[in-house]
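Following: one structure in structure tokens, then a few remarks.
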Amino acid sequence: MKLISNFLSEEQLKHTKESLLNVHFPWYYNKVVDDMDHPDWFMFSHVWFNDDNITSNSFEWLVAPIIDKIDMSKLIRVKGNFYNKTCDHVIHGYHTDYEYDHMVALLNLNDNNGYTEFETGEKIVSKENELIIFDGKIRHRSVTQTDTNIRLNVNINFLN
């Protein structure tokens with residue numbers, strides 16, 4: 003696992019956050035957060051790239067500059083995650099994003115007490131502008147935040 007602080011320049015971070023938090027940016031409701039279909043769990047997401055295709059018109063100007071900073075041989079998927087504030091931490095189920103070998107780069111865009119927990123027991127609290135790179139075979143789960151209205155990150159799946 004690798005943690006990179008201050009991954010984006012201040013200007014790029016500001017541009018990314020302002021774009022994603024703009025009232026006109028399309029976030030889509032997901033009733034399934036992980037492999038389990040819990041009736042009370044939900045989140046919002048935005049997929050920029052999936053299955054070798056650009057799926058959002060904001061890909062080139064918003065996430066391509068982020069992806070360009072990561073050394074990879076093939077992009078699999080780029081997805082934004084938007085979690086709403088919960089009264090208590092909601093601990094989702096462990097999962098892997100894909101069944102085959104891949105890497106995950108998770109860019110946290112704001113400070114909050116939500117976190118990513120790995121089946122190994124390690125927890126990485128959401129810290130603004132920190133990139134976490136890890137082996138996608140490691141089962142992990144998201145945990146919602148209780149201290150801020152949103153938890154915002156970009157999930158990038160790729161091959162080395």
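Letter 107 of the sequence shown, counting from 1, is numbered 109 in my numbering, and no numbers are missing.
Where a beta carbon is used, it is the ideal one built from N, C-alpha and C, also for glycine.
In this structure, how does DSSP classify residue i when only helix, strand and coil are distinguished?
{"i": "histidine 17", "result": "helix"}
{"i": "isoleucine 126", "result": "strand"}
{"i": "glutamate 101", "result": "coil"}
{"i": "tryptophan 29", "result": "coil"}
{"i": "isoleucine 72", "result": "coil"}
{"i": "phenylalanine 9", "result": "coil"}
{"i": "leucine 64", "result": "helix"}
{"i": "leucine 22", "result": "helix"}
{"i": "leucine 111", "result": "coil"}
{"i": "valine 106", "result": "strand"}
Tell me which same chain residues have a C-beta within less than 8 Å of the C-beta of residue i, skipping the five on either side of it?
{"i": "serine 47", "result": "Trp29, Tyr30, Asn32, Lys81, Gly82, Asn83 and Phe84"}
{"i": "phenylalanine 61", "result": "Trp50, Phe51 and Val80"}
{"i": "asparagine 155", "result": "Gly82, Asn83, Leu108, Leu109, Asn110, Leu111 and Ser128"}
Alpha carbon to alpha carbon, what distance is there between residue j and residue i?
{"i": "tyrosine 100", "j": "lysine 139", "result": "8 Å"}
{"i": "isoleucine 6", "j": "aspartate 53", "result": "27 Å"}
{"i": "histidine 142", "j": "histidine 26", "result": "31 Å"}
{"i": "asparagine 162", "j": "lysine 4", "result": "14 Å"}
{"i": "isoleucine 68", "j": "threonine 57", "result": "16 Å"}
{"i": "glutamate 124", "j": "isoleucine 158", "result": "20 Å"}
Among all the DSSP beta bridges, which residues are the ones paired with residue i?
{"i": "tyrosine 117", "result": "Val127 and Val145"}
{"i": "glycine 138", "result": "Answer is none; glycine 138 lacks a bridge partner."}
{"i": "asparagine 83", "result": "Ser47 and Asn155"}
{"i": "asparagine 52", "result": "Asn55 and Arg79"}
Within its chain, find whatever has a CB closer than 6 Å to the CB of residue i; leave out the 5 residues flanking it on each side and keep chain order.
{"i": "phenylalanine 160", "result": "Met74, Leu77, Ile78 and Met105"}
{"i": "leucine 64", "result": "Ser21"}
{"i": "asparagine 131", "result": "Asn8, Phe9, Leu10 and Leu15"}
{"i": "valine 92", "result": "Thr146"}
{"i": "isoleucine 72", "result": "Ala107"}
{"i": "threonine 150", "result": "Asn114"}
Report yes or no: do the region 110 to 118 and the region 64 to 81 share at least 3 C-beta pairs separated by less than 8 Å?
Contact between the region 110 to 118 and the region 64 to 81 is absent: fewer than three C-beta pairs spanning the two stretches fall below 8 Å.
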